[in-house]
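**Student:** Chains as they are written, first to last, in this note's numbering: chain D, 1 to 245; chain S, 1 to 245; chain G, 1 to 245; chain F, 1 to 245; chain E, 1 to 245; chain H, 1 to 245.
The beta-carbon is built from N, C-alpha and C at its ideal position, and this holds for glycine as well.
On a predicted model such as this, the values are computed, not experimentally measured, just so you know.
Number of protein chains: 6
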Amino acid sequence: MHLERATWTEIDAAETDLALLPVGSTEQHGPHAPLGTDTLNAEAVADAAAERYEGTVTVAPAIPVGIAEEHRQFTGTLWTSESTFKAYVRDIVDSLAHHGFDRIVLVNGHGGNTSALREVAGRITRCDEAYAVPFTWFDEVGEHSSRMGHGGPLETALVQHANPGAVREDRLEEAAENGSDRWGDWQGRVNLAFDSAEFTENGVVGDPREASAELGEELLDAAADALIALLKTIADRDLDRPAHR
Amino acid sequence: MHLERATWTEIDAAETDLALLPVGSTEQHGPHAPLGTDTLNAEAVADAAAERYEGTVTVAPAIPVGIAEEHRQFTGTLWTSESTFKAYVRDIVDSLAHHGFDRIVLVNGHGGNTSALREVAGRITRCDEAYAVPFTWFDEVGEHSSRMGHGGPLETALVQHANPGAVREDRLEEAAENGSDRWGDWQGRVNLAFDSAEFTENGVVGDPREASAELGEELLDAAADALIALLKTIADRDLDRPAHR
Amino acid sequence: MHLERATWTEIDAAETDLALLPVGSTEQHGPHAPLGTDTLNAEAVADAAAERYEGTVTVAPAIPVGIAEEHRQFTGTLWTSESTFKAYVRDIVDSLAHHGFDRIVLVNGHGGNTSALREVAGRITRCDEAYAVPFTWFDEVGEHSSRMGHGGPLETALVQHANPGAVREDRLEEAAENGSDRWGDWQGRVNLAFDSAEFTENGVVGDPREASAELGEELLDAAADALIALLKTIADRDLDRPAHR
Amino acid sequence: MHLERATWTEIDAAETDLALLPVGSTEQHGPHAPLGTDTLNAEAVADAAAERYEGTVTVAPAIPVGIAEEHRQFTGTLWTSESTFKAYVRDIVDSLAHHGFDRIVLVNGHGGNTSALREVAGRITRCDEAYAVPFTWFDEVGEHSSRMGHGGPLETALVQHANPGAVREDRLEEAAENGSDRWGDWQGRVNLAFDSAEFTENGVVGDPREASAELGEELLDAAADALIALLKTIADRDLDRPAHR
Amino acid sequence: MHLERATWTEIDAAETDLALLPVGSTEQHGPHAPLGTDTLNAEAVADAAAERYEGTVTVAPAIPVGIAEEHRQFTGTLWTSESTFKAYVRDIVDSLAHHGFDRIVLVNGHGGNTSALREVAGRITRCDEAYAVPFTWFDEVGEHSSRMGHGGPLETALVQHANPGAVREDRLEEAAENGSDRWGDWQGRVNLAFDSAEFTENGVVGDPREASAELGEELLDAAADALIALLKTIADRDLDRPAHR
Amino acid sequence: MHLERATWTEIDAAETDLALLPVGSTEQHGPHAPLGTDTLNAEAVADAAAERYEGTVTVAPAIPVGIAEEHRQFTGTLWTSESTFKAYVRDIVDSLAHHGFDRIVLVNGHGGNTSALREVAGRITRCDEAYAVPFTWFDEVGEHSSRMGHGGPLETALVQHANPGAVREDRLEEAAENGSDRWGDWQGRVNLAFDSAEFTENGVVGDPREASAELGEELLDAAADALIALLKTIADRDLDRPAHR
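The structure is reproduced here in structure tokens:
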């Protein structure tokens, strides 16, 4: 049940305490994939899981701009500071909880949001009247996860499947050729780079030519299944916090 | 040119310094209109103006949650604090300006956002590398503006036209009957109420039965025309700030 | 009963939960009216209402500096940021409420403060142990309200009446001649200007030659009457917040 | 030249870079002295110095509410947080400096404001386009300073002189009898108390019966002389900050 | 060269722009390892690297309290909020840079600090006059890294080696028996727990009986070598940020 | 019982609600005394008192960086803003109190921290679940206190005694000769200087040649005795806040 399209009376009649908040980003994804890739993909996974879940789940509108300053050298990338991002997420989650939707999954489509979402979910869970956990879809696609990159095979494939026509197929070659094969500029386990422009010419990491709508469907199924399993688990979870030892 | 659907290379190739940032809200709009009414309408106006404008305009993804705590008694309403809202808007505008899109209109669909948008636009214009102004669509529809209400004829009509099927036509009667005929609880010119639940039973103000898709089309044309006129004006505007007297 | 002049024991003996907090500004009012016009006028209205009200009302000292950055090109204008202004107002209101004066009217003399006062009053009323509403005197003078301007007939007249000698009568001509006849630089319903120096040469909007002490007295009576009516209404108001629907 | 009473054109014509910002407090001063004692006294000293100084000095309106939470148990005491207080002072000082009044003395009437004023003056001086120093009048009255107390002989006397009739003379006896003879609840050099109600029954520290208008005049002269000497010194002071060693 | 023990004149005479800032935590490490484990280990690695590095490196005093709320159920654990932690780190780094030590490694001993350090290092590098990167010692010990746990073999071993006597050897058995074998409470790749008390009885994760001073020495050598390699790399690194594409 | 060296189980077994939090600074102390002087001395006093006190006292790790921007012209000086400093102290105190250590003394070694510690202790005591007071060691050494200076006889002596070898004895002559004999640049009771470089060439105020390890021992005894007396007093103190009058 999508908040954007439902009326308040319909939402009020729903019997559930589960909600999904898709969290995206507007940022470069190479010459072939749209700037909205992360938002589109987070929405696709949230929608699929909400639809297939046996029970009602409230789906909030996607947060369209996240923590993406690392892509600021590429035109069209939008970003917000980490503190503003966390405040925005927290306010939205708290208003969901105000209406009784107090078991919330933050369905994330962007690696740069991950640690901030974990932090704000902890703050919400410890301090507010809600339980929240982040779920990043590309971490939940089994072996495929290792091929993540940026604008690479996974993200590209999911857009191809869920938003047909949104990927510029005729630029996949160019995307692959001028991309990079790894995220970061490393000394040991330390990434010396803070901007993606330090290690990729056109913003791509990984080979998007490996993408296909079929792969996209497979990824969507895997991620949606994982999210459904998560919803089931938190639907029954005891939310009491542990006592002081 | 929509950021969400374009690639960074396409946006980079665009020759414009104009951008639109739709700003919506997710909040009750009575039993008949969707919670996303304000976002949908802001997007519709921004899209129409960008399409009809003679020249390129960048359109950012809509901000889906605004200042709507006043509707908190109605299920599904989401809100953020004024300070977080302004920070989120400012960060997005500043990142647009970072890429050269430094003449920005904040296309607003929600009355509760108005004064915050005015304040943040002033802050941006005085302190940052950008010029921004808010534009609230229902202020720009001529005589119709006086019938605004909430979930009333104007908002309902624009949804009917731009998002056919999104209004629950069979609940218009109920919406009108249990609604209120004025916004607020007044003593002189002072509104004593801070929550809409203080003066409307079902969240409606005004009579949505007066809405129609035809009226919606008329409203969209009027608002889009006004926005195009605004874009033309700011495209040529001298952005130097006045000197100290 | 003015806090500035009373002792704590006298205030402690007062039996009331009503308080007035005058809120002014120190900003240019043309070559003829003092920089403190807004503060002087807010104090005049608060004093008149407190004196004429049948019952005791606590009057806090006036806040002398508000949101006036828009006049920054004119020497002597002082301002604070919106966030600091709201924090300062909220702290003062909360300390009034701490002593039991928890029904508070913010008696405002400056248009630039209006939306911030509305916002902070809502925050206080929803979150703190107090009920607060803003009252802007020049909104409450009947038909006269339409002639407001800036340093125009209304403000000038009230200073003439309440603070005889404070207006430079010999500069009224000059004030009128180099002033502007409207506030703002408009495209449709959008004000393109953020600083008053963008549309007025000497800071004046409206014709202060229409002012007189007699008019000032009339305005004071009208505003004080409106404020008294407001005090009566909130003295009896049920302060419970509405329940979730 | 008082900002509140002058027009912007008069202030603009003044040739000075000196400004005084009186900083007061609204807080209990026993059963005999008004809650506005600190503001009234700061204004009296600033006024006297500005008038007697050979040269022009801009005088801003007094800040009426400061850091006085320590008196919160006594009705009518108003306070703001230290961070809000410092932000409010800084914004006002920065707007003075914006017009060229960039050598500013913060003329303080309240002990509780002292360390915050020192801190914010340092911040302004190091980071902004201004030089600011705090001046607390009762530190500058020679041997008398040791008798300060609270609502004691010094403060009471200055009110008696500068605001005749404002002290309730008939309650001096009572004030003295139920007051305390020292500020704080000490263990060695550590004050264990955070609220004045921990060590004074009626809010008084010291014996206000020792006050007189004559003493008040003497104090005013001493403080004004000290402030004038300070103005002379900072008028000529080299404002360059020292270089790194 | 340790700031704590050196004089300013000695530091001033040093010819280097490299600095290390050890970042620790005070938090439970089971019944056998001290609450200061993370600080002690960060210091040990920083000291070893600074000593062995061919060239001068400034070493700041260790930050003793970090982001450790997740251990709040265990007595003695101290923590600060993420925003305060980042502000504290940033201020210290900026003051190092103020003196010319503008290539800084944040030598971290606590997993909970990692993402905040990455974020603040990015902020510093993009906005301030410095380049900073975090280095977490236990990520840089080759294959051993996989055995990290909490109060487990790695941390225990390094304390045994660098701070002989600090580990309670007689409680290793108990530590291991009541500990947990994995960090977190997982559903797929989502950690449902926010407090360590949700999955470990005594605070331990991993088997500290595998620890030894010999292992500790090996870990210290590996981590110090990695840190030295990092110092060499950043000493020569071009600090210009990449241009907009 | 030092948190850094104890395990959580040992701290948990302690029966006390008393805690000491040493608060230092890393800042220039002339050419002869280490940058860590204030931290070392705060630790020495806290340690001595905790050891000699009849009863258990928890000792937190020292805060190593405080409010020292006034020494920024001298290499190696580190500082944090006042607001960050207070937030860091407050979080640490609150986490101590979370475990039941809710009577806390902030053992301070740096004059620049004093007023911020007083303010934050008041905030904690009024708003949080703890009672905190600051104790500055050099205020508690009887007549010696008047000779404080900076890097002068008192601080130097205490380092000599508590950290033998840490003072560069061979530079005492130079330290004294190029030092200053008073702190500040005064006009009446107003210190016109905000940076120590405005009045001391090498950072020293006072004559460190008067220092000796014997004097240091005497100072340590005096300060520790005073701190013990304070601990005894607050151990028994009624922590209820006074009621409204």
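Start and end of the beta strand (DSSP E) containing Y131 of chain H?
**Tutor:** 131-136 is the span of the beta strand (DSSP E), which, as asked, contains Y131 of chain H.
**Student:** Quick check on the burial criterion: 16 or more other C-beta atoms within 10 angstroms. Buried or exposed for W186 of chain H?
**Tutor:** Exposed, by the Cβ-count rule.
**Student:** What residues in its chain sit with their C-beta under 6 Å from that of N163 of chain H, if we drop five residues either side in the sequence?
**Tutor:** Closer than 6 Å at Cβ, skipping near neighbours: L40.
**Student:** What is the C-beta distance between V204 of chain S and G142 of chain S, in whole angstroms, given that I count them as a contact (C-beta under 8 Å)?
**Tutor:** Their Cβ separation, rounded to whole angstroms, is 23 Å, which puts V204 of chain S and G142 of chain S out of contact at 8 Å.
**Student:** What three-state label does DSSP hand N191 of chain G in the structure shown?
**Tutor:** N191 of chain G: strand per DSSP, three-state reduction.
**Student:** Taking 9 Å as the CB-CB limit, is F74 of chain D close to chain S?
**Tutor:** yes
**Student:** If we call anything under 9 Å between Cβ atoms a contact, is V57 of chain H one with T9 of chain H?
**Tutor:** no
**Student:** Near H150 of chain S, which residues of its chain fall below 6 Å by C-beta distance, leaving aside the five closest residues on each side in sequence?
**Tutor:** V205
**Student:** By DSSP, does T58 of chain G sit in helix, in strand, or in coil?
**Tutor:** strand
**Student:** Tell me which same chain residues have a C-beta within less than 6 Å of the C-beta of T77 of chain F, skipping the five on either side of it?
**Tutor:** Excluding residues within five positions, the ones whose Cβ falls inside 6 Å are E27, Q28, A68, H71.
**Student:** Under the three-state reduction of DSSP, which class applies to L106 of chain D: helix, strand or coil?
**Tutor:** DSSP places L106 of chain D in strand when its eight states are reduced to three.
**Student:** Considering only the beta carbon of each residue, do G136 of chain G and N108 of chain G sit closer than 9 Å?
**Tutor:** Sequence inspection shows Thr at residue 136 of chain G; the Gly mentioned does not correspond to that position. Yes, these two residues count as a Cβ contact at 9 Å.
**Student:** By Cβ distance below 6 Å, which residues in the same chain neighbour V59 of chain D in space, the five residues on each side in sequence not counted?
**Tutor:** Apart from sequence neighbours up to five positions away, the residues of its chain that approach V59 of chain D with a beta-carbon distance below 6 Å are H2, L20, A46, A50, ordered along the chain.
**Student:** At the 9 Å Cβ level, is G111 of chain S part of the contact set with chain D, yes or no?
**Tutor:** Using beta-carbon distances, G111 of chain S does not count as an interface residue toward chain D, since no partner is under 9 Å.
**Student:** Just to make sure I have the definition right: I need the residues of chain S whose C-beta is within less than 9 Å of the C-beta of D91 of chain D. Which are they?
**Tutor:** V65, L78, W79, T80, S81, T84, F85
**Student:** Report the residues of the segment 197-219 of chain E with a CB closer than 9 Å to any CB of chain H, ordered along the chain.
**Tutor:** N202, G203
**Student:** Would the segment 91-100 of chain S count as touching the segment 209-228 of chain S if we require 3 or more Cβ pairs under 8 Å?
**Tutor:** no
**Student:** Do you know offhand how far S115 of chain F's Cα is from S115 of chain H's?
**Tutor:** Going by the C-alpha atoms only, they are around 6 Å apart.
**Student:** Of all the residues that make up the segment 18-36 of chain H, which are near chain E by a beta-carbon distance shorter than 9 Å?
**Tutor:** G24, T26, E27, Q28, H29, G30, P31, H32, A33, P34, L35, G36
**Student:** Using a Cβ-Cβ cut-off of 9 Å, state whether D12 of chain S counts as contacting chain D.
**Tutor:** yes
**Student:** Compare the C-alpha of A248 of chain F against each of G:S145, G:A213, G:A87, G:S25 and name the closest.
**Tutor:** Residue numbering for chain F in the displayed model covers 1 to 245; residue 248 of chain F lies beyond these limits and cannot be assessed.
**Student:** Check distances from the C-beta atoms of the segment 119-140 of chain G to those of chain S and list, in chain order, the residues that come in under 7 Å.
**Tutor:** For the segment 119-140 of chain G, residues whose beta-carbon sits nearer than 7 Å to a beta-carbon of chain S comprise E119, G122, T125, R126, V133, F135, D139, E140.
**Student:** Which value, in whole angstroms, describes the spacing of the CA atoms of T200 of chain E and S145 of chain D?
**Tutor:** 29 Å
**Student:** So F74 of chain S and R245 of chain G are supposed to be a Cβ contact under 8 Å. How far apart are they, rounded?
**Tutor:** 5 Å
**Student:** Just reading off the beta strand (DSSP E) that A6 of chain E is part of, what are its end residues?
**Tutor:** Looking at the DSSP string, A6 of chain E is not in any beta strand (DSSP E), and its letter there is neither H nor E.
**Student:** Against chain S, with Cβ distances strictly below 9 Å, would S115 of chain G count as a contact?
**Tutor:** yes
**Student:** Ignore the nearest five residues each way along the sequence and tell me which others in D239 of chain G's own chain have a CB closer than 7 Å to its CB.
**Tutor:** It is Leu, not Asp, that sits at residue 239 of chain G in the sequence shown. These residues qualify, in order along the chain: Y131.
**Student:** Should A247 of chain E be flagged as near chain D, meaning a C-beta pair shorter than 9 Å?
**Tutor:** Missing from the structure shown is residue 247 of chain E; chain E here goes from 1 to 245 and no further.
**Student:** Between L40 of chain H and chain E, is the shortest Cβ-Cβ distance under 9 Å, so that the two count as touching?
**Tutor:** yes
**Student:** Using a Cβ-Cβ distance cut-off of 9 Å, determine whether V45 of chain E contacts chain D.
**Tutor:** No, V45 of chain E lies away from the interface with chain D (no Cβ there is under 9 Å from its Cβ).
**Student:** Note down, in chain order, each residue of its chain lying with its Cβ closer than 7 Å to the Cβ of E217 of chain E, except the 5 sequence neighbours on either side.
**Tutor:** H161
**Student:** Are the beta-carbon atoms of G188 of chain G and L230 of chain S separated by less than 9 Å?
**Tutor:** Taking 9 Å as the Cβ cut-off, G188 of chain G and L230 of chain S qualify as a contacting pair.
**Student:** What residues in its chain sit with their C-beta under 8 Å from that of N202 of chain D, if we drop five residues either side in the sequence?
**Tutor:** Excluding sequence neighbours, N202 of chain D sits near G30, P31, E174, A175, N178, G179.
**Student:** Taking only beta-carbon atoms, is R171 of chain E less than 9 Å away from chain D?
**Tutor:** no
**Student:** Please state whether DSSP places H150 of chain H in a helix, a strand or coil.
**Tutor:** strand
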